[in-house]
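Heads up, the thing below is written out as structure tokens.
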Amino acid sequence: MTCLFQVAWGPLDYLFIDLPPGTGDTQLSLVQNVPIDGAVVVTTPQDVALIDAQKAIKMFAQVHVPIIGVVENMASFICPSCRHETRIFGDDTGLRA
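So the sequence shown is numbered by my numbering: it starts at -6 and just counts up by one.
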């Protein structure tokens, strides 16, 4: 958090801050000390990751930070031979977040 305030950023249109998963001290300190216009929640389709994403969404709602979007990483793979896309964990698992 300290380096966030010690850098002369200059005028910014956007600043993306990559946070660890969950709703711990890092996330709470950030929302208490930095004006945030919105959050993008990044998750993977595994159940444990989706639970963390749901907790993050609830936490941001409680502190009045709007969710701009949800990104679902590692949801599928593309066969290098035939270019067919296969959904590893089923369709639309990101919507469960």
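We put the CB at the ideal spot given by N, CA and C, even for glycine.
Note that the structure is a prediction, hence the values are computed from the model and not measured.
Secondary structure of alanine 110, DSSP reduced to three states: The first residue shown for the chain is -6 and the last is 90, placing residue 110 beyond what the model contains.
Reduced DSSP category for alanine 54 - H, G, I as helix; E, B as strand; rest coil: Three-state result, alanine 54: helix.
Local conformation of isoleucine 60 per DSSP, three classes: It is a strand residue.
CB of valine 24 within 8 Å of CB of asparagine 66, strictly: Taking a C-beta distance under 8 Å as the contact criterion, valine 24 and asparagine 66 do not qualify as a contact pair.
Same chain, Cβ closer than 6 Å to isoleucine 10, neighbours up to 5 away in sequence not counted: So the list is empty, once near-sequence residues are dropped.
Three-way DSSP call (helix, strand, coil) for valine 27 in this model: If DSSP states are grouped into helix, strand and coil, valine 27 belongs with coil.
Contact set for glutamate 78: own chain, Cβ-Cβ below 6 Å, skip 5 residues either direction: So the qualifying residues of the chain are Ser69 and Ile71.
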